[in-house]
Structures are given as C-alpha cells and as structure tokens.
Amino acid sequence: MIQIFFESILDNNIALALILGMCPLIAISTNVKNAVGMGLAVIFVVTITGIINYPIYLLLQRSGTAQLSLLVFIITIAATVQFLEMFLEKFIPALYNAFGIFLPLITVNCAVLGVSLFFVNREYTFLETASFSLGAGIGWFIAIVLLAAVREKMDKHGNVPKGLAGKGIAFIVLGILSLAFVGFAGLAG
Amino acid sequence: MIKLIRMKYTKWYNIMREGLSRNNPILIAVLGICSALAITNRVDNAIAMGIGVTFVIIASSATVSLIRQFIPGRVRMVTYMAIISTFVIAVQMFMEGFLPDIAEELGPYVGLIITNCIVMGRAEAFASKNPVKYTVIDGLANGLGYLFVLVSIAVVREALAFGTILDMRVMPSTWVNWTVMAIAPGGFFILGLYIWIMRSMTKNYETQG
Numbered sequence: 001m002i003q004i005f006f007e008s009i010l011d012n013n014i015a016l017a018l019i020l021g022m023c024p025l026i027a028i029s030t031n032v033k034n035a036v037g038m039g040l041a042v043i044f045v046v047t048i049t050g051i052i053n054y055p056i057y058l059l060l061q062r063s064g065t066a067q068l069s070l071l072v073f074i075i076t077i078a079a080t081v082q083f084l085e086m087f088l089e090k091f092i093p094a095l096y097n098a099f100g101i102f103l104p105l106i107t108v109n110c111a112v113l114g115v116s117l118f119f120v121n122r123e124y125t126f127l128e129t130a131s132f133s134l135g136a137g138i139g140w141f142i143a144i145v146l147l148a149a150v151r152e153k154m155d156k157h158g159n160v161p162k163g164l165a166g167k168g169i170a171f172i173v174l175g176i177l178s179l180a181f182v183g184f185a186g187l188a189g
Numbered sequence: 001m002i003k004l005i006r007m008k009y010t011k012w013y014n015i016m017r018e019g020l021s022r023n024n025p026i027l028i029a030v031l032g033i034c035s036a037l038a039i040t041n042r043v044d045n046a047i048a049m050g051i052g053v054t055f056v057i058i059a060s061s062a063t064v065s066l067i068r069q070f071i072p073g074r075v076r077m078v079t080y081m082a083i084i085s086t087f088v089i090a091v092q093m094f095m096e097g098f099l100p101d102i103a104e105e106l107g108p109y110v111g112l113i114i115t116n117c118i119v120m121g122r123a124e125a126f127a128s129k130n131p132v133k134y135t136v137i138d139g140l141a142n143g144l145g146y147l148f149v150l151v152s153i154a155v156v157r158e159a160l161a162f163g164t165i166l167d168m169r170v171m172p173s174t175w176v177n178w179t180v181m182a183i184a185p186g187g188f189f190i191l192g193l194y195i196w197i198m199r200s201m202t203k204n205y206e207t208q209g
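Chains A and B are the protein sequences, given in the same order. The opening position of the first sequence corresponds to residue 1 in the numbering used here, with each subsequent residue numbered one higher. The opening position of the second sequence corresponds to residue 1 in the numbering used here, with each subsequent residue numbered one higher.
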C-alpha cells in the first residue's frame, strides 16, 4: 500500500509518466501561484472521487453493468465537484476563495477520470485505491508546480526561439522533467 | 444554381481546411494531448485511437447538432457529456470485441476519449450552432487532423524506439533502440518539436505564453 503511494508519486507520476491531465497542466502553469491553487484542488478532488468511485464500481460490477462505469464515473465526478463547491462556499469560505475558478475546471481534467479508470484496470483493493488516488494527486501537484516554476523563470530571463515560445517550450521542459522522473524508477521498491 | 454549388463547396472546403491545418486541434490549439502522447509509441495504436476519436467527434457532434434547439443552456455541458460518453462506451465495447490486442494496450486511454477536450470543444464551439451536414464535415476534418498528427508522431517514435513501423523493420540491424522514445519523455520532445516546426511554417507565433 505504501509502495503504491510512493510509486504513484515518483516513478508512475500521473502527469509525467502516464501523461494525464495535460490540458490544464499546460494552460495553468504560466505562474506558480495559480499552479499551486490548481494542484491543491486536484489533490482534493482526485482523492475524494477515487474513494467514492470505488464502491460504486463494485456495485455496478455486482449488477453486471460494468460497461456503464465510464458514464457513471463522469457523473460522479461532476456531482462531487459541484457538491464540494457548494460545501466549501458555505462552510470553509477561505478555502473556497483560494480554489477560485479551479474547482469547476477540474471536471474536465482527465487526471481525475484517469485515476478512476486505472484502479479498475489494475484491480486494486479499496485501501490501495485510496493511497493510489492520494499519491496521484500529489504527483500531479508536484509536476504542475515544477513546470510553472521553470516557465516563470524562462519568461523573464530565457531567450526562446519564436516558434517555440509558449506551449512548445512547455513540452520540451515537460520532457526533461519526465526524463528526470524516469530516474526514480524502482526507488519505491 | 452553379453559384449555389460553388458557395457550398467553399464552405465545406473551408471547414475541412480549418480542421486539418490552420486550426489543427493538436498542433495549434494544443487540445487533447493526453492521449496523443500516451499511446503514440506504436503506429497501430495511434491509428486505432485516431479512428476511435474521429468516430466519437462525428457521432457526438451530429447528435448535439440534431437536438441543439432542445438543450437548455444551463445544462448543456452535462448533456454533451452524456452523449459523448455513450459513444465512447460504444467504441470501447467495439474494440474489446474485435481488436482485443489493441484494446489491451490502450487500456484506460480509450475511456479517456471522454475528457479529450477536442470532442467537447467541437460540440460546444461548432455543433451547438451549425446544421448537421456541416457538423459532420467539421467533425471529420478535426478527427482526421488529430489522426494525422497522432500517426506522424507515432511513426517517428516507433522507428526510433523499436526500429520498426507497423512491425516492419525500417532501421538497419545495427540500430540501437532509443528506449526513451517509447516512454513519456520521447512523446513530450517530439510534440514540442512538431509544434515548433508547425508554428514556424505557418508563422503563427504565440506572443506571450
């Protein structure tokens, strides 16, 4: 279980090795402050939806309609995000303001759906799913913050070729980051 | 009459050209890249994925366009999601049934077509405002643009990583495989370079990242 947790942060990092959640990763990584907000929101939502989707999947499997899990997962995720938004707005307004616009954006983050699909694919137990979800969230957070930090510096001091500026160079940076994370392989055990 | 045909032809042609090159979903708009990177280490995976996505774009855009007058504005996103996931489930079941090897390799990435921003983007930006016939063309153009990029990334990656294209040997036998091309970093580098080439060719620069 602990092994799965560290594996999903380091050598199976959801952004850098499994390549999930790229759209927001590229779009929101232009400065560190936003990246931290988005990253925290993802940790939160990924963990919660992973834990909620697991029993739902078992239920679907028992009734013989596992093919529909895709549709159900998406609805669960959308509903969870909506509910979280209302809950935070009412009870923890400070956190709600910190997340701002990032919460609704998460519905279309493929990292969230990806986590739910991966635990089905790898046939995890409940505890393994929980630690995998949390680890995946933290891994994604690390990836977006690192990328944003590099891009912020590069905007100020870098001398990037015209055609590469913006998204192009973001991919090259991601490639190098991901190469570094390949070096963690086997570290988790 | 001839004028009418010509006008129709130009609109179709323009939609087609927009999707294929000028507004290529991956290279210019940078949408739907998760799957573009994750599954392009082999050409046959890329082709299967591209065709699957094309089918989902066409089918879901056509459906959205058919019922666009009846979808209330406030719940349109959820409605699109439901329509798209129905077609994705169809693709998933088809692949499992007829192409079990490829379905095995693609794994959860088939299901992730749902969150492919291109599908949702076309439904929201084009299908919700246009009649069915143009929507189908637009879906086809965007899908083919996507397929084209996927295959061209996969050709380079498979050749460098395994020395083969579609399992046919293309590199000399002394070729040393670049294992790194088969995993994530290779995908990032190749896509970065493609964006660079595409933007330099079309002079479509991004001023501020």
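Glycine included, each C-beta is placed from N, C-alpha and C at the ideal position. Source: prediction; values computed, not measured.
Return the residue from the list A:A79, A:L95, A:Y124, A:G37 that minimises the CA-CA distance to Y57 of chain A. Position 57 of the first sequence, counted from the first residue, corresponds to residue 57 of chain A. Per the Cα distances, A:Y124.
Considering only the beta carbon of each residue, do L9 of chain A and I138 of chain A sit closer than 8 Å? By 1-based counting over the first sequence, the position of residue 9 of chain A is 9. By 1-based counting over the first sequence, the position of residue 138 of chain A is 138. The sequence as given places Ile at residue 9 of chain A; Leu does not occur at that position. Cβ distance < 8 Å, so I9 of chain A and I138 of chain A count as in contact.
Could you pull out every residue in the same chain whose Cβ sits closer than 7 Å to the Cβ of L179 of chain A, ignoring the five residues on either side in sequence? Reading the first sequence from its first residue, position 179 is the one you call residue 179 of chain A. If we look at L179 of chain A and ignore the five residues flanking it on each side, it has no Cβ neighbours.
Rounded C-beta distance between G50 of chain B and L117 of chain A? I'm assuming under 8 Å. On the second sequence, residue 50 of chain B is found 50 positions in, with the first residue counted as 1. On the first sequence, residue 117 of chain A is found 117 positions in, with the first residue counted as 1. So it is not a contact: roughly 20 Å between Cβ atoms.
What span of residues does the alpha helix (DSSP H) with W175 of chain B cover, start to end? Reading the second sequence from its first residue, position 175 is the one you call residue 175 of chain B. Where W175 of chain B is concerned, there is no enclosing alpha helix (DSSP H), given that its DSSP letter is neither H nor E.
Once the 5 residues before and after N159 of chain A are set aside, which same chain residues still bring their CB inside 6 Å of it? The residue you call residue 159 of chain A lines up with position 159 of the first sequence. Same-chain partners within the cutoff: there are none.
Can you tell me which of the three DSSP states M1 of chain A falls into? In the first sequence, the residue the question calls residue 1 of chain A occupies position 1. Three-state DSSP puts M1 of chain A in coil, outside helix and strand.
Hey, does N121 of chain A have any beta-carbon neighbour from chain B nearer than 8 Å? Counting from 1 along the first sequence, the entry for residue 121 of chain A is found at position 121. Closer than 8 Å to some Cβ of chain B, the Cβ of N121 of chain A qualifies, so yes.
Under 8 Å between the Cβ atoms of V53 of chain B and Y134 of chain B? Here residue 53 of chain B corresponds to residue number 53 of the second sequence, with the count starting at 1. Here residue 134 of chain B corresponds to residue number 134 of the second sequence, with the count starting at 1. Not in contact: V53 of chain B and Y134 of chain B (Cβ atoms no closer than 8 Å).
Exposed unless 16 or more other CB atoms sit within 10 angstroms - verdict on A170 of chain A: In the first sequence, residue 170 of chain A corresponds to position 170, counting from 1. Label assigned to A170 of chain A: buried.
Would you call V176 of chain B buried or exposed, if buried means 16 or more other Cβ atoms sit within 10 Å of its Cβ? Position 176 of the second sequence, counting from 1, holds the residue named residue 176 of chain B. Classification for V176 of chain B: exposed.
Indicate whether the contact test is met: 3 or more Cβ pairs, each with one atom in the region 58–75 of chain B and one in the region 158–175 of chain B, closer than 8 Å. no
Under the three-state DSSP convention, the category I74 of chain A falls into: What you label residue 74 of chain A is simply residue 74 of the first sequence in a count that begins at 1. Of the three classes helix, strand and coil, the one that applies to I74 of chain A here is helix, per DSSP.
Would I89 of chain B pass as a contact of D44 of chain B if the rule is Cβ separation under 8 Å? Sequence index remark: in the second sequence, residue 89 of chain B carries index 89 (1-based). Sequence index remark: in the second sequence, residue 44 of chain B carries index 44 (1-based). Taking 8 Å as the Cβ cut-off, I89 of chain B and D44 of chain B do not qualify as a contacting pair.
With a Cβ-Cβ cutoff of 8 Å, do C117 of chain B and L31 of chain B count as a contact? In the second sequence, the residue the question calls residue 117 of chain B occupies position 117. In the second sequence, the residue the question calls residue 31 of chain B occupies position 31. The answer is yes: Cβ separation under 8 Å.
Note the first and the last residue of the continuous alpha helix (DSSP H) segment covering K129 of chain B. On the second sequence, position 129 is the one that residue 129 of chain B refers to. Where K129 of chain B is concerned, there is no enclosing alpha helix (DSSP H), given that its DSSP letter is neither H nor E.
From P55 of chain A to A82 of chain B, what distance separates their C-alpha atoms? As a first step, residue 55 of chain A is located in the first sequence; it is residue number 55 there, counting from the start. As a first step, residue 82 of chain B is located in the second sequence; it is residue number 82 there, counting from the start. C-alpha separation (whole angstroms): 21 Å.
Under 8 Å between C-beta atoms of E85 of chain A and P104 of chain A: Here residue 85 of chain A corresponds to residue number 85 of the first sequence, with the count starting at 1. Here residue 104 of chain A corresponds to residue number 104 of the first sequence, with the count starting at 1. Going by C-beta atoms, E85 of chain A is nearer than 8 Å to P104 of chain A.
Whose C-beta lies closer than 7 Å to the C-beta of V72 of chain A among residues of the same chain, with five residues either side of it excluded? Here residue 72 of chain A refers to the residue found at position 72 when the first sequence is read from its first residue. The residues are I56, L60.
Determine the direct distance from the alpha carbon of P108 of chain B to that of T40 of chain B, and round the result to whole angstroms. For the purposes of this step, residue 40 of chain B is identified with residue 40 of the second sequence, where counting begins at 1. For the purposes of this step, residue 108 of chain B is identified with residue 108 of the second sequence, where counting begins at 1. Each residue's alpha carbon lies about 14 Å from the other.
Short of 7 Å Cβ to Cβ, which residues in the region 63–78 of chain B face chain A? V78
Give the DSSP-derived three-state secondary structure of T125 of chain A in the structure shown. As a working mapping, residue 125 of chain A is identified with position 125 in the first sequence. T125 of chain A falls in the coil class under three-state DSSP.
Would you check if the distance between the CB atom of F188 of chain B and the CB atom of L37 of chain B is smaller than 8 Å? Here residue 188 of chain B corresponds to residue number 188 of the second sequence, with the count starting at 1. Here residue 37 of chain B corresponds to residue number 37 of the second sequence, with the count starting at 1. In contact: F188 of chain B and L37 of chain B (Cβ atoms closer than 8 Å).
Residue-chain proximity (I14 of chain A, chain B), Cβ-Cβ < 8 Å: Start at 1 with the first residue of the first sequence, and residue 14 of chain A comes out as number 14. Not an interface residue.
9 Å Cβ cut-off: residues of chain A touching S61 of chain B: Against the second sequence, residue 61 of chain B aligns to sequence position 61. What S61 of chain B touches in chain A: nothing, since even the nearest Cβ is about 17 Å away.
In three-state terms, what does DSSP make of T164 of chain B? By one-based count along the second sequence, residue 164 of chain B stands at place 164. Here T164 of chain B sits in strand by DSSP.
Quick one: using the 10 Å Cβ neighbour count with 16 as the cut-off for buried, is S173 of chain B buried or exposed? Taking the first residue of the second sequence as 1, we reach residue 173 of chain B at position 173. With fewer than 16 other Cβ atoms within 10 Å, it is exposed.
Who are the neighbours of G158 of chain A on chain B, taking C-beta pairs under 9 Å? In the first sequence, residue 158 of chain A corresponds to position 158, counting from 1. Per Cβ cutoff of 9 Å: no residues; G158 of chain A is ~10 Å from chain B at best.
Answer yes or no: do I215 of chain B and A141 of chain B have a C-beta to C-beta separation smaller than 8 Å? Residue 215 of chain B lies beyond the range of chain B shown here (1 to 209); nothing can be said about it.
Could you tell me the alpha carbon to alpha carbon distance between F184 of chain A and F141 of chain A, rounded to whole angstroms? Locating residue 184 of chain A in the first sequence gives position 184, counting from the first residue. Locating residue 141 of chain A in the first sequence gives position 141, counting from the first residue. Taking the straight line joining both Cα atoms gives about 17 Å.
Quick one: grab the DSSP three-state call for I92 of chain A. Position 92 of the first sequence, counting from 1, holds the residue named residue 92 of chain A. Looking at I92 of chain A - three-state DSSP - the assignment turns out to be coil, as it is neither helix nor strand.
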